[in-house]
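*Asks:*
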Amino acid sequence: MIIPDVKENWSGRVSTVTIGATEAKGGTRGRTVTIGGASGIPFLSFDGKVPNPPAIAIEVFDKEPAAWPKPLEDVYGDVWSDPPAWARRVKELGADLVNLRLVSTHPDEGNRSAEEAVETVQAVLEAVDLPLIVWGCQVPEKDQNVMPKVAEAAQGENCLLGAAAETDYRTLTAAAQAYGHKLIALAPCDINKTKQVNILITDMGYPLGDIVIYPTTAALGYGMEYIYSILERGRLAALSGDRLLAQPVILDVGYEAWRAKEAKAGDEFADVWGPARERGPAWEVVTATTLLQGGADLLVMCHPKAVETVRNAIGQLVGEQPTFPNQDTGLLLVQTTLSQGVAR
Amino acid sequence: MSSYRIRFLPEGRETTVNERKTLLEAARAANVYVGAICGGEGVCGKCRVIVREGDVEGESTEFLTRDEIRRGYVLACQVVPSSDLVVEVPAESRLGAYERIGIDSEQFRDFADRAAERLSAELDPVVEKLFLVLPEPNLDDPTADQERLLEALSKRRPGALQMGLKIARELPEVLRRREVKRSSWTWKWDGRVTATVGLRNDVKEVLYVERGDTSDRNYGLALDVGTTTVVGHLVHLNSTVTREAAAKYNSQIEYGADVINRINYARQPGGAEVLHRAIVQDVETLIDDLVERTRVGRGDIHWVVAAGNTAMLHFLLGLEADLIRLSPFVPSAASPPPVRAAEVGLRIHPRGLLYSLPMVGSFVGGDITAGILVSGMHKSEGLSLLLDIGTNGEVVLGNKEFLVASSASAGPAFEGGSISCGMRATCGAIDSIRMFRDGRAISATTVDGCPPVGLCGTGLIDALSEMVLAGVVDRAGRFRVESVPHHFRVSEADASPELLLVSAKESGSKRDVIMSQTDVENLVRTKGAIYAAADSLVQSVGLSFDEVQKIYIAGAFGNKLDISSCITIGLLPDVPIERIQFIGNSSVAGAKRAMLSRRMFEEAGRIRGRITYRELMVDPAYMEKFTSACFLPHTDLARFSSVAKRLDGQRSLIATTSTQQQEISHDHS
C-alpha cells in the first residue's frame, strides 16, 4: 500500500523579526533574538521549517507588584522593588529577553513621570545585555506622553514596544519608527481586527515586517481555546499567503496564567488542588505549551520552573533531547498534577 | 403616591403624572415631542431637557457634562419628578436628528415618475372609475337597476362582479332625480353615473356609484412605510401623473430606532396600539399635506398601496408583530388582503381600500418586492443585485431563474438618524460635498439651494468619502486631527474633536454643521452591514461581485447619490461604475407601479413567491465579513483596487504629516 504524501505546500511564510541590537548594529546588547520565519504548521518539521524556535521573555515590573502569589514572591520577592536587580535575576533564570512593564506610570499605580520611566528603562538596559520588550501602562493619554521619551532614550537598542491598538496607535508607531524600534500591534482575539491594526500602522509608513502581533492571551480554563483558534486561523492564513497576518505573535502567558484562581490560590487548597508551588507553574506550562501549538513565537512568562519546562518542551518539539536538570520540574510535574486532579 | 403637575416649555402644555413616571412619559402624555431614539432606555442621550423650576430624582448619566447638569439639563427618560415642574424642551431635543414634520416635494419624484410614464401605455389600475351612461328602462326593457348597472359594467370590464346591499339601496336615487310637482314628486331618469370598481382578490367589487362623470377625480396614494422615513405620493390615476410627494420621519422613532426595539415596545400593555396609532397618524399627516397642496378632496382618494418592511406594515395594519422577532420568524400575514382603509383609521373615501404589497418574510418586506418589480431584475438574463439602503438594509441577488434575499440591521445613518447633523433630503440638507485633497477647503451643494443646516444621506456618503481621500480620517474612520487641525474644533459636550463642515455664521440654522467621531463610526457600521450582507449573499451562491452585471441601489436618502463616493467608502463593491444604477425610493415607485397596473400588482405576488430568504444571523461568516467591512473602504484593499489607486496618491501626504505630528508631539512635551 502506498501511503500518500500529506505534506502541504504552503505559499506563504511568517516574517522574521529581530529584537535587540549588538554593538555592531549600534546597540549595547550582548545578543539579539530573532523570532518567526516559520514556513509550515508549528513543529511539523516535514511540512515546513521552524528556523527560530519560540523565544521566552520573563516579566519585570518597574515597581513592586501588587498581590503576586507566594510562589512568585519566593523567586522575585528579594529583587522586585529594584528593576535592574530583577532584570539580572531574570537573565540568570534563562530568559531570552526582558519584558519590562512600566506599571508605575499608570495614573492609579503611582503615576510616575516619563522622566522616571526613562531612568528605569536606562537602568535596566545597563543592568543586563538582553534584548528588551517595553510596555506602557496601556492608558492612552499617559502612554502618549511616556512612550515617545522611552523610545528616544532607548534609541539604537531595537527594543520591542507595546502596544499599538486600533484606537490608539499613532504616537507609539511614530515613536517606534523615529527611534528604530519594533512594534507590538494589539487586536483582541479577532483576525480581521489584527489585519486592520496592521494596515493602520503601515499606512503611517511603518514597515509591516517590523510588527509583532499581539492577539491578547487567555489562560487555561479562562478562554484559552479562543486564543488558540485565533492563533491557528491566523497562522494558516499567513501560510496561505495573507501577508497582513504573516508576522510573528507574542503572547502574555505568565500574567494571564497567574491571574487564574487555580494558579494563585495558596496551600489552603493543597489537599484538593495540590501544592501551590507546583500548581501555579503547571498552569503557566499548560497554557504556554498549548498555545505554542497554535503558532506563538514569543512567550512572556513568570515562573522559572514553568520557563524551564516550556523550554524543554520546545526543545523536544523541534527535535532536541530533553534535559531535566532539576528532577521535580518538567512535564512530569504537569502530568502528576493533572492525574492527581483526575484521581480525586 | 404623589402626583405632580408638569408644564413643558415653550408650548406651555401641562400634564399631571405620578411620581413614578419619567419626564419622557410625562412629555408623551402632554403630547410634547422629545426625541428618544433608544425608546427610553437611557442609552442614546437624545432626550435632553432642562428643568427650569422644581426638583427631579434620577440616575446620573455620562451624556451630560458637569456644566450642563449645573444648568439643569437631565435626560428625560432617566428622571422622575419630586415636585411640580417647569421643563424646557430645547431645540436639539425637539428636532435634533429627527425632524418631526417636514415635506419633501421634488426629492423622491424623479425615478418613480419616469417609471409611471412608461406604464401609461398599459394603464390598468386595480381600482378604477368608470363613467357609464345607462339606457333608460322601458316596458320592453324593464331590467332592474342593479342588473342594468352590472350589465353595463360587464361590457366594459368582463368577469365576476359583486356589489353590496348598500349600493343597491342607493342606486335608484343615483340613477334618477326627484322632480317636485306641486305637493308631490316623481322620478326623472338620468342614467349618467360613475362606478368605482376595485379588485378584491380575484373578484371585482363595485365600491360605490355616484351621479355624473367624476371619473377624472380618481386618486391613489402610494406609500412607503419605512422604519425611519414615511413617504407618500399622490397619483392621479387616469393620467398616471404624481401630483405631489411628501415625506416625514416615522414618529414611532421615539419608541425605538429600529424594528426590534419597536417590536419590544409593542410587548408592553398598550404598546402595539401606540405604535399603530403613531404610524396611522403619520400617514394622515402626509395626506393632509398632499391634499392641501393639490386641492384634491380626501374623498377622491380611493385607495392606498403600501409598501414597507414587514414589521412596519404589521404596525400599520394592526397585526401582531411580536413573532417577527422570534425564531422561526413568522409574520402574521405576508399577503394581507385588501381592507377598507377606514378600518385602520385612514380617512380617504369611506369605502376606499388599502392594499399591501406582498412581503417575503419577517425581515424582507413589501418594499423589496417593490424594488425587484421596479428594477426588473426578476426578468433579466444577467445576474443583478439590489441593495435597498434603509434602516434595515435588504439585499436581493438573482435573475429570471432565481431570487435570493437577505437583510441586515444597518441603522438609520443614511437617512440622517444617529448622526449629529443628519437630516432628510429637505431644504437645506447638504446633498453633495467636496474637499480639496489637503482637506483645507470645503464646497457643498444643498437641496433646493437653501443655506446648509445639516447633511442628508448622499451628503453623508460624500462627506465620508472626501474625508477618506483627503486623509482626514484613517482607514478605521478615526479623525487624524493633526493632519488638518484647522478644520477640527472641540465639542462642547465631551471635549472630543469634531470636523467643522459649515460654520454657524454660514449655516441656515446659525449652528455649526459638524461631523463627530461617533457620526463617522455610525456611518462606517451602517455601510459595513450593507456591504457584508451583499458579500455574504453573493458568496452563498458561489459567485463574486465581478459576475454581477447590474447593481441597483434603492433608498430614500436624496437624489444626488455619487456612485464613486459609495465605492470609496466601501458601501458598494468596486465594479465598473456603469454597472451601478441608483433607482431612488424603489419602495414607493413599486407601490405606484402596482397601483397603475393590475398586471404589475399580480407580478409583485409572483415575485414574492419566487424569493428564497437567507438568514444572515445563522451564518457565522457574516460577523467576520461585517468586521472586515467596518474599515475604509474594506480590510481587504485588493477588493477595492480603484480606491487603492486613489489612496496611493494620498499616502505620501500622510507620511509627511505623520512626521510632522511627531515633531509636534515633541514640541508639546
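Chains as they are written, first to last, in our numbering: chain A, 1 to 344; chain B, 1001 to 1669. Idealized CB from N, CA, C, for every residue including glycine. Just so it is clear, the structure is predicted and the values come from calculations on it, not from any experiment.
Got a sec? Which residues, its chain only, sit under 7 Å from Phe1631 (chain B) by beta carbon, not counting five neighbours each side?
*Replies:* Closer than 7 Å at the Cβ level, and outside the excluded window around Phe1631 (chain B), lie Arg1475 and Ala1476.
*Asks:* Keeping to the same chain, check which residues put their C-beta closer than 6 Å to that of Ser11 (chain A); ignore five residues upstream and five downstream.
*Replies:* The answer, listed in chain order, is Gly241.
*Asks:* From this set, A:Gln155, A:Cys189 and A:Ile227, which residue's C-alpha is nearest Glu23 (chain A)'s C-alpha?
*Replies:* Closest by alpha carbon: A:Gln155.
*Asks:* Please classify Glu1381 (chain B): is it buried, with 16 or more other beta-carbons within 10 angstroms of its beta-carbon, or exposed?
*Replies:* When all chains shown are included, Glu1381 (chain B) counts as exposed.
*Asks:* Please classify Glu1011 (chain B): is it buried, with 16 or more other beta-carbons within 10 angstroms of its beta-carbon, or exposed?
*Replies:* Glu1011 (chain B) comes out exposed.
*Asks:* Can you list, in chain order, the residues of its chain whose CB lies under 7 Å from that of Ala1333 (chain B), leaving out five sequence neighbours each side?
*Replies:* Leu1319, listed in sequence order.
*Asks:* List, in chain order, every chain B residue whose beta-carbon is nearer than 9 Å to that of Thr167 (chain A).
*Replies:* Chain B residues near Thr167 (chain A): Ala1476 and Arg1478.
*Asks:* Quick check on DSSP: helix, strand or coil for Leu100 (chain A)?
*Replies:* Of the three classes helix, strand and coil, the one that applies to Leu100 (chain A) here is strand, per DSSP.
*Asks:* Examine chain A for any beta-carbon lying closer than 8 Å to the beta-carbon of Thr1526 (chain B), and answer yes or no.
*Replies:* No, Thr1526 (chain B) does not count as interfacial toward chain A.
*Asks:* What are the start and end residues of the beta strand (DSSP E) that includes Lys1181 (chain B)?
*Replies:* Arg1176 to Lys1181 is the span of the beta strand (DSSP E), which, as asked, contains Lys1181 (chain B).
*Asks:* Does Asn367 (chain A) have its Cβ less than 8 Å from a Cβ in chain B?
*Replies:* As shown, chain A starts at 1 and ends at 344. That puts residue 367 (chain A) outside it, with no answer to give.
*Asks:* For Ile3 (chain A), count neighbouring C-beta atoms within 10 Å of its own C-beta (all shown protein chains included) and say buried if the count is 16 or more, exposed if not.
*Replies:* Its Cβ having fewer than 16 others within 10 Å, Ile3 (chain A) is exposed.
*Asks:* State whether the region 97–114 of chain A contacts the region 67–75 of chain A, with contact taken as three or more CB pairs (one from each stretch) at a distance under 8 Å.
*Replies:* Counting Cβ pairs under 8 Å, fewer than three are found: no touch.
*Asks:* On a Cα-Cα basis, can you pick out the residue from B:Asn1018, B:Arg1182 and B:Thr1186 that is closest to Arg1176 (chain B)?
*Replies:* If we check each option's Cα against that of Arg1176 (chain B), B:Thr1186 comes out closest.
*Asks:* Which value, in whole angstroms, describes the spacing of the CA atoms of Gly26 (chain A) and Ile314 (chain A)?
*Replies:* Roughly 31 Å between the two C-alpha positions.
*Asks:* My output table needs one value for Ile213 (chain A): the three-state DSSP class, helix, strand or coil.
*Replies:* The answer is strand: DSSP assigns Ile213 (chain A) an E or B state.
*Asks:* Going by beta carbon distance, what residues of the same chain come within less than 6 Å of Ala1410 (chain B), once the five residues before and after it are set aside?
*Replies:* So the list reads Gly1393, Thr1526, Ala1529 and Ile1530, once near-sequence residues are dropped.
*Asks:* What residues from chain A crowd round Glu1624 (chain B), counting only those whose CB sits closer than 8 Å?
*Replies:* Residues of chain A passing the Cβ test: Ile191 and Asn192.
*Asks:* Which residues in chain B have a C-beta closer than 9 Å to the C-beta of Leu245 (chain A)? List them in chain order.
*Replies:* Within chain B, no residue comes near Leu245 (chain A); the closest Cβ sits about 11 Å away, beyond 9 Å.
*Asks:* Does the CB of Phe1488 (chain B) have a neighbour CB from chain A at under 8 Å?
*Replies:* Chain A contact via Cβ: absent.
*Asks:* Determine the chain A residues that contact Phe1631 (chain B) at a beta-carbon separation under 7 Å, and present them in chain order.
*Replies:* Within chain A, the residues near Phe1631 (chain B) are Gln196.
*Asks:* Compare the C-beta of Leu72 (chain A) against all C-beta atoms of chain B and say whether one is closer than 8 Å.
*Replies:* False, the Cβ-Cβ gap to chain B never drops below 8 Å.
*Asks:* Indicate whether Val1225 (chain B) and Ala1306 (chain B) have their beta-carbon atoms separated by less than 8 Å.
*Replies:* Yes. Within cutoff.
*Asks:* So which residues of chain B does Leu200 (chain A) contact, with C-beta pairs closer than 7 Å?
*Replies:* Here the neighbours are Asp1474, Arg1475 and Ala1476.
*Asks:* In the DSSP assignment, find the alpha helix (DSSP H) that holds Gln1700 (chain B) and state where it starts and stops.
*Replies:* Outside the shown range of chain B, which is 1001 to 1669, sits residue 1700 (chain B), and nothing can be said about it.
*Asks:* Any idea if Met1001 (chain B) is buried or exposed, counting beta-carbon neighbours within 10 angstroms, 16 or more meaning buried?
*Replies:* Exposed, because fewer than 16 other Cβ atoms sit within 10 Å of the Cβ of Met1001 (chain B).
*Asks:* Would you say Asp203 (chain A) reaches chain B, if we count a Cβ-Cβ gap shorter than 8 Å as a contact?
*Replies:* Asp203 (chain A) counts as touching chain B.
*Asks:* Which residue spans inside the region 1375–1421 of chain B form an unbroken beta strand (DSSP E) run of at least 3?
*Replies:* Within the region 1375–1421 of chain B, the complete beta strand (DSSP E) runs of at least 3 residues are 1384–1388, 1392–1398 and 1403–1409.
*Asks:* Is the separation between the beta-carbon of Gly1198 (chain B) and that of Val1127 (chain B) shorter than 8 Å?
*Replies:* Closer than 8 Å, so yes.
*Asks:* By how many angstroms is the C-alpha of Tyr1208 (chain B) removed from the C-alpha of Ile1324 (chain B)?
*Replies:* Rounded to whole angstroms, Ile1324 (chain B) to Tyr1208 (chain B) spans 37 Å at the Cα level.
*Asks:* Just the chain A side, please: which residues come within less than 7 Å of Ser1628 (chain B) by C-beta, in chain order?
*Replies:* In chain order: Asn192.
*Asks:* Could you give the DSSP three-state label for Gln144 (chain A): helix, strand or coil?
*Replies:* In the structure shown, Gln144 (chain A) sits in a helix (DSSP, three-state: H, G or I).
*Asks:* Have a look at Arg1200 (chain B) and Ser1335 (chain B) and give me their C-alpha separation to the nearest angstrom.
*Replies:* Rounded to the nearest angstrom, the two C-alpha atoms are 12 Å apart.
*Asks:* Whole angstroms are fine: how far does the CA of Leu1385 (chain B) sit from the CA of Val1468 (chain B)?
*Replies:* Going by the C-alpha atoms only, they are around 26 Å apart.
*Asks:* Would the region 1494–1501 of chain B count as touching the region 1593–1601 of chain B if we require 3 or more Cβ pairs under 8 Å?
*Replies:* Counting Cβ pairs under 8 Å, fewer than three are found: no touch.
*Asks:* Helix, strand or coil: how does DSSP classify Arg1052 (chain B) here?
*Replies:* Residue state, collapsed to three classes: strand.
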